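A.B. asks: Structure below; questions to follow.
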Amino acid sequence: MKMRHDLKTKYNIPLAIIVEPEPTMVPHAVKEFCSQVKCKALFHNNMYENDEGKRDSIMENLCKSNYIQCTSFEDQCVVPVQTLKTGKGNDFGVFTPYKKSWLAAIEANIPKYLKLYDLKDLKYRNKDDLIIEVTNEIPLPETMASLDHAAFEYGKWSKSEEEIIKMADNFIELKGDNYKKTRDFPYLSDGTSRLSPYLAIGSISAKYLMV
């Protein structure tokens, strides 16, 4: 798996994959794993779906009860959910006013919402300090049964971080200016950026596209 290789070679960070048969078992599995490797802190990204939110709340409570510090971050939204409200303090019901408020918030505080972090020094102090060595690599499926009817045009989807970033940069540079004119034409097979799946799984972030 390329992600496992990149994390190990670039940052000396091991990648562990934990699989549970039921979603309700995930919080306990994460807590047990943290205890197993003697974690002092757990960092995770916020998820706003109902089930995932409940899961993460249970997970945090379990970890905190075992003296494991928990810190969450935003990766799905440039401006955190519930930050922007109408003049009456309500949620926006129309997109255009929300967009204007969103742009104004970012322009007023770029360092807060578009802060970049330098990862070049993100290394363990000593490779010998690693307290876990993951040896059981869990293979990922090449196909999904529900998508086999058309093979989901598998070859069209990028698989590496470098490919995804190049796809985003090329779209912004070559098609971004004309997107408003061409995005609604269904006969244009390459009229959209095709970045939605990568944004959904976190392979690329909304913040990256902004900066």
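Heads up, the sequence shown is in UniProt numbering, so the first residue is 1 and it goes up one at a time. Heads up, the beta-carbon is just placed ideally off N, CA and C, and yes, glycines get one too. Remember, it's a predicted structure, so these values are computed and weren't measured experimentally.
Determine the DSSP secondary structure at F92, reduced to helix, strand or coil.
C.D. replies: Here F92 sits in coil by DSSP.
A.B. asks: Based on DSSP bridge pairs, tell me the residues matched to N45.
C.D. replies: Bridge partners of N45: F73.
A.B. asks: Under the three-state reduction of DSSP, which class applies to N66: helix, strand or coil?
C.D. replies: Note: N66 maps to coil in three-state DSSP.
A.B. asks: With H, G and I counted as helix, E and B as strand and the rest as coil, what does DSSP make of G202?
C.D. replies: It is coil, neither helix nor strand.
A.B. asks: I'd like to know whether the C-beta atoms of M59 and L42 end up nearer to each other than 9 Å.
C.D. replies: The answer is yes: Cβ separation under 9 Å.
A.B. asks: By the three-class DSSP mapping on this structure, what secondary structure does K2 have?
C.D. replies: Here K2 sits in helix by DSSP.
A.B. asks: Is it buried or exposed for M68, if we count other Cβ within 10 angstroms and need 16 for buried?
C.D. replies: A quick correction: the sequence has Ile, not Met, at residue 68. Counting Cβ neighbours within 10 Å, I68 comes out buried, since at least 16 surround it.
A.B. asks: Are there 16 or more other CB atoms within 10 angstroms of the CB of P27, so buried, or fewer, so exposed?
C.D. replies: Looking at its Cβ environment, which holds 16 or more other Cβ atoms inside 10 Å, P27 is buried.
A.B. asks: Considering only residues of the same chain and omitting the five flanking positions on each side of K207, which have a CB-CB separation below 7 Å?
C.D. replies: Closer than 7 Å at the Cβ level, and outside the excluded window around K207, lie V78 and L114.
A.B. asks: Could you spell out the range, first to last residue, of the alpha helix (DSSP H) harbouring I172?
C.D. replies: Segment E161 to L174, the alpha helix (DSSP H) holding I172.
A.B. asks: Okay, do the region 45-64 and the region 85-92 touch, 3+ Cβ pairs below 8 Å being the bar?
C.D. replies: Contact fails: fewer than three Cβ-Cβ distances are below 8 Å.
A.B. asks: Under a Cβ-count criterion, where at least 16 other Cβ atoms within 10 Å of its own Cβ denotes burial, should V211 be classed as buried or exposed?
C.D. replies: So V211 counts as exposed.
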